[in-house]
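Data first, discussion second: the structure below is written as structure tokens.
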Amino acid sequence: MRSFITIANYTFRKLMNRKRAMGMMLLSAVPAAIVALVGRRSGSDEVFHSMAIAVSLAIILPLIGIVNASSALGDERRDHTLPYLSLKPVARSVLAAGVLAGAVAATLVIGAVGAGTLWIAGGAVSGDWGVGVGPALGLLLVSLGYGAVFLPVGFMFKRSTLIGLLYVFFWEAILASAVTSLAASSLWRIGLQAYAATLDTLPRGFTESLGNLTPSVGSAFVKVGVLVVVSIALTTWLLRARDHVVGDGD
Amino acid sequence: MSDVVTPTDVTVEVREASRWFGQKVAVSEVSCGFGPGVTGLLGPNGAGKTTLLRMLTGLVRPSAGDVRILGVDPRSSPDVYRRVALVPEDEHVPGFLTAMEFVKFNGTLQQLADPVSAARRALEIVGLMDVADRELSTYSKGMRQRAKVASALVHDPEVLFLDEPLNGTDPVQRVHLIRLFGELGEQGRTVIVSSHVLGEVERMADRVVAMVDGRLAGVGTIAALRDAMSDIPRKLRIDCDRPRILAGALISRGYVEGVDVWEGGVDIDVVDTDSFGREIATLAVQADVRLVSVEPRDESLESTFRYLVGGR
């Protein structure tokens, strides 16, 4: 357990230390700014929820999750600092799980900045200061989902961030929106599935985005749980089977 | 130099190991063993030393053959890292950590009972305790190098791989580190130090594994390497005012194998540089030739090793 926490803490600090973490925090606060500007005129909860889905959950949080997860092991492998993690008497599965936990924690913290600012903006506009369980669930599940998928992708592919962008803007935004049966292949929609289950009435945007998914907290957690298990297993295998440094050395 | 090293107690062994990256062969069918004491892994840049060290430590897989550290394959038995450490050549370090955090981090993952005390001890050994609370990103190259050494020493490893460990260090630090590596070897640890500088290796190691172009060029003692090098014809360029006269005087000497006259001087191949050094001034005086300069044309270690490989 001590190794797991040490590795998770190392990964978290590495990802949060970078200047780009500050940039991502600013990015995550964009929906709040939009709600503050637009919502004041419309005065409606609809704007808050639309921003929560359309910008935070569907674009910004996925991008943050992809960047963090891809970097967590991928950058270490490519800048040759992975030996500081991998040449240790630590089971490869613990290493994979620790890095994933660190990456997800970094995404959660940056995402929480966005969610917090959105909550403040939403409260200021609508006067409703209730703490939303739905957004918190969405944040957690989306962070876990993208982390789980893009940790091994980052290990395998140098251009993993580009792969992530294509996935978010082509697959999820276009294909999974157009073909309702593909909604289940969209990671942020799993978060939305849980988020929607906490609402009494679904805003219009939620229904459209969910496609053929039924609002359910349990189902969303099961899906993400499977992704996490598969991710750790795959990353463990990659750590055993693949080189830990990229390049032909000397 | 022999092709096979057989230390009494082999702790690190590589058998018929090759590694290629696409079309490029970085290491080709290398077999050798390393035992307690300091062994130099010597070769010019691009010889395959780093790739071999990465294979030995399990960082990269051999494309063929296999490696064993303390009898096990490190890739399938990470527990062996409790007894092994690597100081990588790469300059990148986790710059967001202080040196103390960096070394303690290794101690924690090595599951030491008291990683803080162990880290303090390791940092004192390399002389970084005074600046241990500074982030590594603020360190000079030499300081980062020492921090890496401290991190490698924190768990008291039996086998230590050092990839160009003196890079970036100043002369005082070099003396200190060379003495440290020597002491570790004398304690019975297996210390493998890679370098492309023969003089460095000579000061640290008794035994040498020499590599060129990804192949094993030879294995033996430093003295054997020196002997082998002394037989290599050296190419020298002599600038003088009467090259043809000097060439005539040199051609009859037994230690001169080839002479090539050009407008401003003579290029020669010398097999015994000591004799040449003793006699060239006298020869020039006797032949009434004014010497301007005598310079080696291929003094690089690389050319020396290419000769050794070519002679196999």
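Note that the protein sequences, when read in sequence, are chains A and B. Here the first sequence is numbered in our numbering, starting from 0 and rising by one per residue. Here the second sequence is numbered in our numbering, starting from 11 and rising by one per residue. Don't be surprised by glycine CBs; every beta carbon is placed ideally from N, CA and C.
query = How would you call A:V244, buried or exposed, if buried means at least 16 neighbouring beta carbons within 10 angstroms?
reply = Per the 10 Å Cβ criterion, buried.
task = Report the residues of the segment 178–199 of chain B with a CB closer than 7 angstroms to any CB of chain A, ordered along the chain.
result = Against chain A - using a Cβ distance shorter than 7 angstroms - the segment 178–199 of chain B contributes no residues.
query = Can you tell me whether A:G22 is buried or exposed, with buried defined as 16 or more other CB within 10 angstroms of its CB?
reply = exposed
query = Leaving out five residues before and five after B:R154 in sequence, what residues of the same chain have Cβ atoms less than 8 angstroms from its Cβ?
reply = E101, V103, L146 and G178
task = Measure the Cβ-Cβ separation of B:A74 and B:A142 and say whether it is below 8 angstroms.
result = no
query = What does a CB cutoff of less than 6 angstroms around B:V281 pick up in its chain, not counting 5 residues either side in sequence?
reply = P243, Y265 and E267
inquiry  = Please report whether the beta-carbon of A:T5 lies at a distance below 8 angstroms from any beta-carbon of chain B.
reply    = yes
query = Which residues, in order along the segment 12–26 of chain A, keep a beta-carbon less than 7 angstroms from a beta-carbon of chain B?
reply = R12, K13 and N16: these are the residues of the segment 12–26 of chain A whose beta carbon lies less than 7 angstroms from some beta carbon of chain B, given in chain order.
ask   = For A:I63, which of A:F149, A:A90 and A:A7 has the nearest alpha-carbon?
value = A:F149
inquiry  = Please return the same chain residues whose Cβ sits closer than 7 angstroms to the Cβ of B:K152, not counting the five positions on each side in sequence.
reply    = Position check: residue 152 of chain B holds Gly in this sequence, whereas Lys was assumed. So the list reads G178, T179, D180 and Q183, once near-sequence residues are dropped.
message = Given this structure, state the Cα-to-Cα distance separating B:L163 from B:L170, to the nearest angstrom.
response = 8 angstroms
key: Proximity winner among A:I162, A:L209 and A:R203, relative to A:L181 (alpha-carbon distances)   = A:L209
query = Could you give the residue range of the alpha helix (DSSP H) that holds B:E210?
reply = L208 to M214
ask   = Under 8 angstroms between the Cβ atoms of A:V89 and A:S230?
value = no
request  = State the Cα-Cα distance for the pair B:E210 and B:G53, rounded to the nearest angstrom.
outcome  = 12 angstroms
key: A:I162 versus B:V185 - alpha carbon distance   = 49 angstroms
ask   = Would B:Y265 count as contacting chain C if we go by Cβ distances under 8 angstroms?
value = Going by chain labels, chain C is absent from the structure shown, which instead holds the protein chains A and B.
query = For A:P30, does the count of other Cβ atoms within 10 angstroms reach 16, so buried, or fall short, so exposed?
reply = A:P30 should be labelled buried.
Interface residues of chain B facing A:Y145 [CB-CB closer than 8 angstroms] = In chain order: nothing, as chain B lies at least about 23 angstroms away.
ask   = Which bits of chain B does A:T80 rub up against, with CB to CB less than 9 angstroms?
value = P98, D100, H102, V103 and P104
task = Excluding the 5 residues preceding and the 5 following B:E305 in the sequence, name in chain order all residues of the same chain whose CB lies nearer than 6 angstroms to its CB.
result = R247
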